[in-house]
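2 protein chains.
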Amino acid sequence: MRTYYHPSREDIALPTVLYALSDPIRLEIFTRLAHGGEYSCDSMFRGLPRSTISHHYKVLREAGIVRKRTVGTQHLLSLRRDDLDALFPGLIDAVVGATAGTAVR
Amino acid sequence: MRTYYHPSREDIALPTVLYALSDPIRLEIFTRLAHGGEYSCDSMFRGLPRSTISHHYKVLREAGIVRKRTVGTQHLLSLRRDDLDALFPGLIDAVVGATAGTAVR
DNA sequence: TCGATATTTCGAAAATATTCGAATGCCGGA
DNA sequence: TCCGGCATTCGAATATTTTCGAAATATCGA
Numbered sequence: 001m002r003t004y005y006h007p008s009r010e011d012i013a014l015p016t017v018l019y020a021l022s023d024p025i026r027l028e029i030f031t032r033l034a035h036g037g038e039y040s041c042d043s044m045f046r047g048l049p050r051s052t053i054s055h056h057y058k059v060l061r062e063a064g065i066v067r068k069r070t071v072g073t074q075h076l077l078s079l080r081r082d083d084l085d086a087l088f089p090g091l092i093d094a095v096v097g098a099t100a101g102t103a104v105r
Numbered sequence: 106m107r108t109y110y111h112p113s114r115e116d117i118a119l120p121t122v123l124y125a126l127s128d129p130i131r132l133e134i135f136t137r138l139a140h141g142g143e144y145s146c147d148s149m150f151r152g153l154p155r156s157t158i159s160h161h162y163k164v165l166r167e168a169g170i171v172r173k174r175t176v177g178t179q180h181l182l183s184l185r186r187d188d189l190d191a192l193f194p195g196l197i198d199a200v201v202g203a204t205a206g207t208a209v210r
């Protein structure tokens, strides 16, 4: 079973997190995950090349936003809500709330 | 008197805002402004070249985070808190709160 | 062990961002 | 009108990011 690098909680830095969320595709992945549950990578996006999506998963994972585990042949993503809420209280909710408006684009 | 481009409220987009805040220098400018008041550009940073700082001001201004007005020979910066709070409730406070911790780096 | 499925990694091209020194623009006062 | 102070803009070097196709990796089931 394959494992991936995940930063530990104390290595999650705010600028890195903000950067990771500043891309529309990543922001969309983030908001979907924020509504709960784990997603298979495959199930999230169609129409974009796999390698592009994979790149964005990596950015989110290395920023500490997302946790990834492998189950069989699938890779499941979930939000590191526990860590993010502990480090940056209110941030996730504010971002998720902000994307609910029209300003996301 | 010189005027600068400022996006109108409805043109402020979340990814752009998050991007602008994802640079440590800009994040620091942001948090200083978030504590209130207007700052002369000059008074904010010493030790870095003016042109570098000026570049970051521009990014913040064009993202809609900062308002800039010219008074005589000085340029004063202030946070567009009214717009940001209206568009993204809780976001400013969450980011400011997050920088209070050690995770800013 | 072979093939199918799910996803990553590599590599390279194009786009974008950062940094700084030098040159420039704007304003007020002598 | 010329000068000095404050800040921006230009231009160029460097670095980083984004994107995608092709090749590679990992796992499961027949």
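Protein sequence lines correspond, in order, to chains X and R.
Going by the numbering used here, the first sequence opens with residue 1, and the numbers climb by one from there.
Going by the numbering used here, the second sequence opens with residue 106, and the numbers climb by one from there.
For each residue, glycine too, the CB sits at the ideal point set by N, CA and C.
- Comparing alpha-carbon positions, the option among X:Ile92, X:Pro89, X:Leu60 lying closest to X:Pro7 turns out to be X:Leu60.
- At a C-beta separation below 7 angstroms, R:Ala139 has no neighbours in chain X, since its nearest C-beta there lies roughly 14 angstroms away.
- Remark: C-beta atoms of X:Val95 and R:Leu119 approach each other more closely than 9 angstroms.
- Cβ neighbours of X:Arg69 within its own chain (closer than 6 angstroms, five residues either side excluded): Leu76.
- Contacts between R:Phe193 and chain X, judged by CB atoms closer than 7 angstroms, involve Ala94, Ala98 in chain order.
- Scanning its chain for C-beta atoms nearer than 8 angstroms, with the 5 sequence neighbours on each side dropped, one finds around X:Ala86 the residues Arg9, in chain order.
- The beta carbon of X:Arg26 sits closer than 7 angstroms to the beta carbons of Ala20, His56, Val59, Leu60 from its chain, once the five residues preceding and following it are set aside; these are given in chain order.
- Residues of the stretch 172-188 of chain R that bring their beta carbon within less than 7 angstroms of a beta carbon in chain X are absent altogether.
- In the displayed model, X:Tyr19 falls within a helix according to three-state DSSP.
- Closest option to R:Thr204, judged by alpha-carbon separation, among X:Thr3, X:Val17, X:Tyr5, X:Gly97: X:Val17.
- Given a length threshold of 3 residues, the stretch 6-70 of chain X has no whole run of the beta strand (DSSP E) inside it.
- Chain X has a Cβ within less than 9 angstroms of the Cβ of R:Leu196.
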